[in-house]
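Presented below is the structure to which this report refers.
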Amino acid sequence: MPPITNWRRESRSPTLAYRNTETGARAVLHRAPDSYRYKWRGAILVDGHPVWSRGYETKDATSFRDELRERPAPDLSCPECPNNDVRVGEKAADRAKVQRWYDCPDCGYEAPSRIVYGAER
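Numbering (this note's numbering), first residue to last: 3 to 123.
Have a look at this one:
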């Protein structure tokens, strides 16, 4: 299997972890809590904030590495202007769920992340 561009493996067991050599972002495939639908969870974190997340039935390292190949340099930047100082906050999405929001202080761009946290009720 060819190497993953810009990603260096930090650990293999029990959690599969990678670090991006350009941006410092982390990618982790870990065992999810029993209450989650999927047994394994993959996530890419930039400055400690998730920018991508997906659930897996098994510890599917091949699919996880394929996702990393598609994202050689993840970052938190504004899609509307050349600002790299994007603020991250949280807003209530529905009942007990919390959704992260990204806000650009320069142009006022605001967008929700696709990841929603919390238990279904």
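Cβ atoms here follow ideal geometry from the backbone N, Cα and C, with glycine treated the same way.
DSSP bridge partner residues for residue i (one or two, in chain order)
| i | result |
| --- | --- |
| TYR20 | ARG11, ALA29 |
| GLY44 | LEU31, ARG56 |
Where residue i falls, given that 16 or more other Cβ within 10 Å makes a residue buried
| i | result |
| --- | --- |
| CYS83 | exposed |
| PRO76 | buried |
| GLY44 | buried |
| TYR104 | buried |
| GLU112 | exposed |
| CYS109 | exposed |
| ARG67 | buried |
| HIS32 | exposed |
Beta-carbon gap between residue i and residue j smaller than 7 Å
| i | j | result |
| --- | --- | --- |
| ALA34 | ILE46 | no |
| ARG124 | TYR20 | With the chain covering 3 to 123 only, the question about residue 124 has no answer from this structure. |
| PRO52 | ASN8 | no |
| GLU69 | TYR40 | no |
| ILE6 | ARG71 | yes |
Endpoints, alpha helix (DSSP H) assigned at residue i
| i | result |
| --- | --- |
| ARG63 | Correcting the residue identity first, residue 63 is Ala in this sequence and not Arg. Note, ALA63: alpha helix (DSSP H), 63-72. |
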